[in-house]
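Engineer: Attaching a single structure in structure tokens format; questions to follow.
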Amino acid sequence: MSLALAMASGYLPTHPYDQRLAEPPRLSVPPPPVQYVNNRPSMVIHGVPSYDYQDEFGDPQFLQQLTSQEFKLNHRMLEWVYEERREAQAILPFLFLGPSSTAQDKDFLRRSGVTLLVAVRANESLHARLITSLTTGNELGLETEVIIASSTQELISKLPAAIQTINNHLQRLSSSQPSTVDLPGDTQLRGGKVLVFCENGNDRSPAIVLGYLMAMFNLSVIEAIHAVQSQRFCISADESLKQMLLDFQDLLRAKRDVKADERSTGNGEHHVWASSEAYRYKDKKKSLKRSSDEVYQSDEEMTDFNDAGIDSQSNARTGYPPFTDRDQ
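Laid out in structure tokens, this is it:
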């Protein structure tokens, strides 16, 4: 309500009003917490002690081996140059992120050992660059996958399938190809590498890589953004992307909570529940019917409870009215 309208109507707002649409609070991404090793900034993606999902993202046994590793990333913020936005960067030893032009570069694909191309595009006809990229992949005998999303928010429904596609590819090639990917320590991942790309490599395709890090390594939204930006500094983490990732983060936490509950239940709590139920059924002496005194007493208690609830609600509703009289 404008001030002139409020004056004309005889009322004034008690708080300032804004005519813009309501929107969630902005997520501020602070500077990354880096460590300096040999005078170079670096950060670490820690391995997870247990894989907390069923088979939604792939085979749990294979992914437990993959995600138990620790990845040390050399942060490239001091050496990043603008021209590198046209190149692809390895976010993890087996996961690349870049623009569509890198998926057309046969020399890069051969040199990097890429075996799967994941194209992310809008819900429109395929751009010529994406078509050329997929054609190049087919000529080299690479597997290809296309993810279609008309908006950033729609990507949240595509993330689980995209993550599973990447993991299934890595697992399938881990036993069928002689080449290896060096992981931290003495571990080697035999087989595939994945290039995730969109037209510029800065908006849609980073969402897939960010979601992958969050799901596989239990990273928060901010931690995932820090990790990806440490290798590809030019990604565009706008508010719509961050809000989508926050929603995905809540879904992942809910899945982990369910898995943790199932794990604790499987450790013996269901036996306690079963024994207590058996004890109840063994107690045959207690009558299943209530006496008339018990019925009336429960009704009186319910009435007292409702009265108390009404009083508490009345007290809870005290506050400031949205408008006041102009003469006050």
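For the sequence shown, the UniProt record's numbering assigns the number 1 to the initial residue and increments by one for each residue that follows. Every residue, glycine too, gets a C-beta built ideally from N, C-alpha and C.
1. Tell me where the beta strand (DSSP E) around Thr144 begins and ends.
2. Per the contact definition of three or more C-beta pairs closer than 8 Å, is the stretch 149-161 in contact with the stretch 236-247?
3. Determine the DSSP secondary structure at Gln35, reduced to helix, strand or coil.
4. Can you tell me whether Glu262 is buried or exposed? The criterion is at least 16 other CB atoms within 10 Å of its CB, across all chains shown.
5. Looking only at C-alpha atoms, which of Phe94, Ser68, Gln153 sits nearest to Phe217?
6. Rounded C-beta distance between Val209 and Leu97? I'm assuming under 8 Å.
7. Cα separation between Ile147 and Ser264?
8. Between which two residues does the beta strand (DSSP E) harbouring Asp325 extend?
9. Checking 8 Å against the spacing of the C-beta atoms, do Tyr11 and Phe248 come in under that value?
10. Is it buried or exposed for Ile131, if we count other Cβ within 10 angstroms and need 16 for buried?
11. In the DSSP output, what is Arg121 paired with across the bridge?
12. For the candidate residues Arg20, Met43, Pro16, whose alpha-carbon lies nearest to that of Leu219?
13. So, under 8 Å CB-CB, Cys198 and Ser133 are touching, yes? Tell me the CB distance rounded to an integer number of Å.
14. Should Pro178 be labelled buried (16 or more other beta-carbon atoms within 10 Å of its own) or exposed?
15. Among all the DSSP beta bridges, which residues are the ones paired with Ser264?
16. Name the residue from Ala88, Gly201, Ser205, Val228 whose alpha carbon lies nearest to the alpha carbon of Leu213.
17. Could you round the C-beta distance between Leu73 and Ser230 to whole angstroms and report it? I think they count as a contact, below 8 Å.
18. Measure the beta-carbon distance from Leu140 to Leu109 and round it to whole angstroms, keeping in mind my assumption that it falls under 8 Å.
19. Assign Leu252 to buried or exposed, taking buried as 16 or more other Cβ atoms, counted over all protein chains shown, within 10 Å of its Cβ.
20. Taking Val114 and Leu170 to be in contact with their CB atoms under 8 Å, please state how far apart those CB atoms are, rounded to whole angstroms.
21. Using DSSP's beta-bridge definition, name the partner residues of Cys198.
22. Can you tell me which residues form a DSSP beta bridge with Lys72?
23. Tell me whether Thr258 is buried or exposed, calling it buried when 16 or more other Cβ atoms sit within 10 Å of its Cβ.
24. Which residues bound the beta strand (DSSP E) around Val11?
25. Name the two residues that bound the continuous beta strand (DSSP E) containing Gln89.
26. If you reduce the DSSP assignment to three classes, tell me which class Leu66 lands in.
27. From which residue to which residue does the alpha helix (DSSP H) around Ile166 run?
28. Let me check understanding here. Comparing Cα to Cα, which of Leu117, Arg111, Leu155 lies closest to Asn123?
29. Between the alpha carbons of Asp52 and Asn202, how many angstroms are there, rounded?
30. Anyone know if the C-beta pair for Thr165 and Ser240 falls short of 8 Å?
31. Could you give the C-beta distance for Asn167 and Phe57, rounded to a whole number, given that I count them as a contact under 8 Å?
32. Quick one, are the C-beta atoms of Glu83 and Leu116 less than 8 Å apart?
33. So for Leu116, helix, strand or coil by DSSP?
34. Less than 8 Å between the C-beta atoms of Arg256 and Gln89, yes or no?
35. Locate the alpha helix (DSSP H) running through Tyr212, then write down its first and last residues.
Structural biologist: Based on what the coordinates show:
1. 143-148
2. Result yes; three or more Cβ-Cβ pairs closer than 8 Å.
3. strand
4. exposed
5. Ser68
6. 5 Å
7. Those two C-alpha atoms are separated by around 37 Å.
8. 323-325
9. no
10. exposed
11. Ile148
12. The residue with the shortest Cα to Cα distance from Leu219 is Met43.
13. In fact, because the Cβ distance is near 10 Å, the residues do not count as touching under 8 Å.
14. With a pLDDT of only 47 at Pro178, under 50, the local geometry of the prediction cannot be trusted, and the value read off the model is given with reservation. Classification for Pro178: exposed.
15. None; Ser264 has no bridge partner.
16. Val228
17. Contact flag correct, Cβ pair sits at about 5 Å.
18. 6 Å
19. buried
20. Contact between Val114 and Leu170 fails: their C-beta atoms lie close to 12 Å from each other, not under 8 Å.
21. Pro99
22. Val44
23. It should be noted that the sequence gives Val, not Thr, for residue 258. Val258 is exposed by the Cβ-count criterion.
24. Contrary to the premise, residue 11 reads as Tyr rather than Val in this sequence. Tyr11: member of the beta strand (DSSP E) spanning 11-13, first to last residue.
25. Residue range 89-92 is occupied by the beta strand (DSSP E) that includes Gln89.
26. In this structure, Leu66 counts as helix in the three-state DSSP scheme.
27. 159-174
28. Leu155
29. Here the alpha carbon of Asp52 sits roughly 30 Å from the alpha carbon of Asn202.
30. no
31. Contact flag correct, Cβ pair sits at about 6 Å.
32. no
33. In the displayed model, Leu116 falls within a strand according to three-state DSSP.
34. no
35. 204-217
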